[in-house]
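Note sheet for the following structure.
Number of protein chains: 2
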Amino acid sequence: MERKTGKECTADQQLPALGIGPYLELMDKTAVQDADRKSIRMGLVMLWLSDNILDVMDVDLAPFGITESKLDMLLLLMLHDGRELVTPSAIADRLGIRRASVTALLDWLEKRGWVSREQSARDRRMIHVRITPEGRALVDQVLPTFWSTCASLLDDLDAEERKVFEKILSKLHQSIEKKVGVGR
Amino acid sequence: MERKTGKECTADQQLPALGIGPYLELMDKTAVQDADRKSIRMGLVMLWLSDNILDVMDVDLAPFGITESKLDMLLLLMLHDGRELVTPSAIADRLGIRRASVTALLDWLEKRGWVSREQSARDRRMIHVRITPEGRALVDQVLPTFWSTCASLLDDLDAEERKVFEKILSKLHQSIEKKVGVGR
DNA sequence: CCAAATAGTTAGATTATCTAACTATGACTA
DNA sequence: TAGTCATAGTTAGATAATCTAACTATTTGG
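Residue numbers (this note's numbering), protein chains in the order written: chain Y, 5 to 188; chain C, 5 to 188.
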């Protein structure tokens, strides 16, 4: 909980946010019903973990010159390649972002030659987006790291813990899906 | 796993990223050792949860016109108020961000009257940052929501599950702390 | 045939970061 | 004490990932 002081931070990367300590301290001062304390404490850890897990992935992907959002898009294209024609609108739907954001992402990926755009002949408003061989090569290169980073999140859990955690995770998944799903 | 299609997304808020489904599909196509599959799958869920947990908190804080980063800073100031003089450098250290970023955050908070800056008399290079009564009022107003959002993350877990999850969380906490701690 | 819907882009904004360079100021040393 | 070095904070300028609103084609349906 205590931050190491001393040596100056020289990182050239994004660093995670405030630890949990200060929050716990504040919670103890705040009038919170005793029964809730444990849940809150666990929620705080989950929040902290969330920040830092994303950070770990960011850092691991960085050497490949790609971010999670962009990898998401490439994977999506890879998955549909050959099978279906993918349009920016469809991508926006799938990724849950706006069409304008997709345009920006595609511009970036296209500039690097990882995706290509082609106007549809049937409906000239539409664009077909495809991953290029270079894009595919990049993904092939990144995936092993991606998988191993995913798996490494559980490194310190033993077999028994993994077993129970699996069930808990799936409950949490559903639970959060319900929450974020509201209003859509 | 499957996205609801149909109704157009009309949200005026940030939406979470690609679900897990596409990743699982890709994993199955990729040459991954069978033993790892389960860990990877769980890691993927953790990644998804991370994105979405932060999102839930963002959404819950939004009505107060504040974000987690800014709340972090206010809480830090609140905690030290009266006890210690807090400088931007110290804040940067505590939050793990650069001094320049602290300047930006403070500018924003100061503009709204939630913090104040005052030059130190003893060392005129230094600035003392304080939370204002208005800032304190804001925090008092936000905290109940913050706590309840934290606690609500565990809503769907029963007593038994919470008990085991607590241990798992603390292991994960340590484990990730070790990872992000490397190189600092 | 024309109005309305749809697809994609552009323009401009926000949030949260970063690095590098700059301005004071203080501290130590020759 | 003058000169150099270190420290504190800010500024300037960049990037990433988003958003909204307005715009341009193009298609569709009455």
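Glycine included, C-beta positions come from ideal geometry on N, C-alpha and C.
Chain-ordered neighbours of residue i on chain Y, where CB pairs are closer than 9 Å
i: C:ASP38; result: In chain order: nothing, as chain Y lies at least about 12 Å away.
i: C:THR34; result: ASP144, LEU147, PRO148, TRP151
Proximal chain C residues relative to residue i, where beta-carbon distance stays under 9 Å
i: Y:VAL60; result: ILE180, LYS183, VAL184
i: Y:LYS74; result: Those do not exist, as Y:LYS74 stays about 11 Å from chain C at its closest Cβ, beyond 9 Å.
i: Y:ILE131; result: The premise fails here: Y:ILE131 is roughly 19 Å from chain C at the closest Cβ pair, so nothing lies under 9 Å.
i: Y:THR71; result: Within 9 Å Cβ-Cβ: nothing; Y:THR71 doesn't reach chain C, min ~11 Å.
Selection from the options that minimises the alpha carbon distance to residue i
i: C:GLN145; options: C:VAL184, C:ASP127, C:ASP64; result: C:ASP64
i: C:LEU99; options: Y:LEU53, Y:GLY23, Y:SER179, Y:ASP55; result: Y:GLY23
i: C:VAL106; options: C:GLU164, C:LEU142, C:LEU81, C:VAL143; result: C:LEU81
i: C:ARG116; options: C:LYS171, C:ILE70, C:VAL49, C:TRP52; result: C:ILE70
i: C:LYS2; options: Y:LEU89, Y:LYS42, Y:VAL36, Y:GLN37; result: The requested residue 2 of chain C is not part of the displayed model; chain C covers only 5 to 188.
i: C:LEU58; options: C:GLY185, C:HIS132, C:LEU157; result: C:LEU157
i: Y:GLY25; options: C:VAL36, C:PRO26, C:LEU79; result: C:LEU79
i: C:ALA94; options: C:ASP111, C:VAL133, C:PRO67, C:PHE68; result: C:VAL133
i: Y:SER179; options: C:ALA155, C:ILE180, C:LYS167; result: C:ALA155
i: Y:THR91; options: Y:TRP112, Y:PHE68, Y:ALA66, Y:ARG128; result: Y:ARG128
i: C:LYS183; options: Y:GLN37, Y:ASP62, Y:GLY47, Y:PRO67; result: Y:ASP62
i: C:VAL143; options: C:GLY47, C:GLY185, C:ALA108, C:LEU113; result: C:LEU113
i: Y:GLU181; options: C:LEU109, C:GLY185, C:ASP159, C:TYR27; result: C:ASP159
i: C:ILE131; options: C:LEU147, C:PHE68, C:LEU89; result: C:LEU89
i: Y:ALA141; options: Y:PHE169, Y:PHE68, Y:ALA125; result: Y:PHE68
i: C:LEU147; options: C:ALA66, C:ALA104, C:ALA108, C:ASP55; result: C:ALA66
Interface partners of residue i on chain Y, CB under 7 Å
i: C:GLU26; result: Here the sequence assigns Pro to residue 26 of chain C, which means Glu is not the residue at that position. Here the neighbours are LEU79, LEU80, LEU83.
i: C:ILE135; result: Per Cβ cutoff of 7 Å: no residues; C:ILE135 is ~12 Å from chain Y at best.
i: C:PHE68; result: The contacting residues do not exist; C:PHE68 stays about 16 Å from chain Y at best.
i: C:ALA155; result: ASP40, SER43, ILE44, GLY47
DSSP three-state assignment for residue i, whether helix, strand or coil
i: Y:GLU164; result: helix
i: Y:LYS183; result: helix
i: Y:VAL119; result: strand
i: C:ILE1; result: Any answer about residue 1 of chain C is impossible in this case: the structure gives chain C only from 5 up to 188.
i: Y:VAL36; result: coil
i: Y:PRO148; result: helix
i: C:SER174; result: helix
Per-residue contacts from residue i into chain C (C-beta, under 8 Å)
i: Y:ASP159; result: SER179
i: Y:MET31; result: TRP151
Cross-chain neighbours of residue i in chain Y, by beta carbon under 8 Å
i: C:ASP214; result: Absent from the structure is residue 214 of chain C, since the part of chain C shown begins at 5 and ends at 188.
i: C:LYS115; result: Within 8 Å Cβ-Cβ: nothing; C:LYS115 doesn't reach chain Y, min ~22 Å.
Partners in chain C for residue i, counting only beta-carbon separations shorter than 7 Å
i: Y:GLY139; result: Result: empty, since nearest Cβ-Cβ is about 14 Å, beyond 7 Å.
i: Y:LEU51; result: ILE57, MET61, CYS154
Three CB pairs or more closer than 8 Å across the region 173-182 of chain C and the region 111-122 of chain C: no
The region 31-40 of chain Y contacting the region 143-157 of chain C, beta-carbon criterion three pairs below 8 Å: yes
At least 3 beta-carbon pairs within less than 8 Å: the region 74-92 of chain C vs the region 81-93 of chain Y: no
Inter-stretch contact at 8 Å, needing at least 3 Cβ pairs: the region 124-141 of chain C / the region 158-167 of chain Y: no
Interface positions of the region 162-175 of chain C facing chain Y (Cβ-Cβ less than 8 Å), listed along the chain: GLU165, ARG166, VAL168, PHE169, GLU170, LYS171, ILE172, LEU173, SER174, LYS175
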